[in-house]
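Asks: Sharing a structure below in structure tokens format, with a few things to ask.
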Amino acid sequence: MAATAKWLHVWELWGESIDSKDAAETIWEKKKLVLGAYNGYAAFIGDLSLSDKGEWAAGVYKNLDDATFNEAVAAMRRVPDSGIYPLFEDGLTQFDPSSVHEGSYCLKSPDATQWDEGDFAANILLSEARTNEIFLSKPHRHLGAYFGSVVHDGRIVRLAFPQYVETLDDRIQKLERNGVERLKTDEREKCMRTIGAAVTHLHSLGYGHNDISTTNIMFDEGGDALLLGVGSCTRLGEKIKKGGVAGGWRGPMLWGQEFNTSSVECDWACLKYIDERLSGMQS
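Okay, structure coming up:
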């Protein structure tokens, strides 16, 4: 996605409620929609109650007409740049989007909905830039590459990565749409073996990934799997900044083990969960 593109991202926020059929039990249900939008580098946040959501559904809207986009943003709150974009600092690699063909890279923006009226979201992005910088100097063939930070007005506004083909989650959904329940055994074993090698590399450097999921495992044009999302990496033994749940991407109802500190055990639990999901042992 271009650095100056505009888009709207809608999430469903789920929470626990008392079961109307049994007051002693709780159930998970949708509470509201959370919205994050970008118009170039300008970020906006908002929410909608389920009764006011209209035709909006969870998803990323990249091709809204101007009138629809502007109407949605008008009801949202502008996030100050300092709240999500940290100052660029010495020692980090800077990336100029105009220096390479647009289709060869992808840009990651901060999650504007993490803004807490302080600098939490900005610090998350800065931490991710610093972490990617570490592995830029200590690469592994199955660890996703990193191009650097996009800088605007002295602040980091995007992180740049190579454009890969698809995520493991994309591949699973494609198979399911075609009536195929799971990956072929040899394909699954190759994927888990190569991602396991990337994880072992992280551990050898003293880091845990802590947030391995089907959405941050991707495939390149040669069909090889790569592990991305190293922004969640934390020194082994330190408190986890992000993730820490085996199967966390599937929602609380399907979570596996939970971890509070960065550990080898957390990563292997996440990989085991994914392997069981791919082999049909998880529904």
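Residue numbering for the sequence shown follows the numbering used here, starting at 34 and increasing by one per position. Glycine residues also receive a C-beta, built at the ideal position from the N, C-alpha and C atoms.
1. Compute the beta-carbon to beta-carbon distance between LEU159 and PRO113, rounded to the nearest angstrom, for a pair I have assumed lies under 8 Å.
2. Quick one: what does DSSP say PRO113 is sitting in, helix, strand or coil?
3. Might you give, ordered along the chain, the residues of its own chain that have their beta carbon closer than 8 Å to the beta carbon of ASN103, omitting 5 neighbours on each side?
4. Can you look up PRO130 in the DSSP assignment and give me helix, strand or coil?
5. Could you spell out where the alpha helix (DSSP H) holding TRP301 opens and where it closes?
6. Flag this pair as yes or no: are the beta carbons of GLY264 and ASN165 separated by less than 8 Å?
7. I'd like to know if the stretch 135-152 and the stretch 232-250 are in contact, where contact means that at least 3 CB-CB pairs between them fall below 8 Å.
8. Identify which residue in ARG310, LYS275 and LEU311 has its Cα closest to the Cα of SER296.
9. With a 10 Å radius around its C-beta and 16 neighbouring C-beta atoms as the bar for buried, classify LEU46 as buried or exposed.
10. Apart from the five residues just before and just after ALA178, which ones in its own chain have a Cβ nearer than 6 Å to its Cβ?
11. Please state the DSSP three-state secondary structure of LEU201.
12. Does the count of Cβ pairs from the stretch 189-207 and the stretch 246-256 closer than 8 Å reach three?
Replies: So, from the data block:
1. Here residue 159 refers to the residue found at position 126 of the sequence shown. Here residue 113 refers to the residue found at position 80 of the sequence shown. About 16 Å; that fails the 8 Å criterion.
2. The sequence position of residue 113 within the sequence shown is 80, counting from 1. If DSSP states are grouped into helix, strand and coil, PRO113 belongs with coil.
3. Looking up residue 103 in the sequence shown gives position 70. Contacts found: none.
4. Here residue 130 refers to the residue found at position 97 when the sequence shown is read from its first residue. For PRO130, the three-state secondary structure derived from DSSP is helix.
5. Taking the sequence shown and counting its residues from 1, one reaches residue 301 at position 268. Where TRP301 is concerned, the enclosing alpha helix (DSSP H) stretches over 297-311.
6. Here residue 264 refers to the residue found at position 231 of the sequence shown. Here residue 165 refers to the residue found at position 132 of the sequence shown. Yes, Cβ-Cβ distance for GLY264 and ASN165 is below 8 Å.
7. no
8. If you number the sequence shown from 1, residue 296 lands on position 263. Per the Cα distances, LYS275.
9. Indexing the sequence shown from 1 puts residue 46 at position 13. Answer is exposed; the Cβ neighbour count stays below 16.
10. Taking the sequence shown and counting its residues from 1, one reaches residue 178 at position 145. Excluding residues within five positions, the ones whose Cβ falls inside 6 Å are PRO195.
11. As a first step, residue 201 must be located in the sequence shown, where it is residue number 168. Note: LEU201 maps to helix in three-state DSSP.
12. Output reads yes: the stretch 246-256 touches the stretch 189-207.
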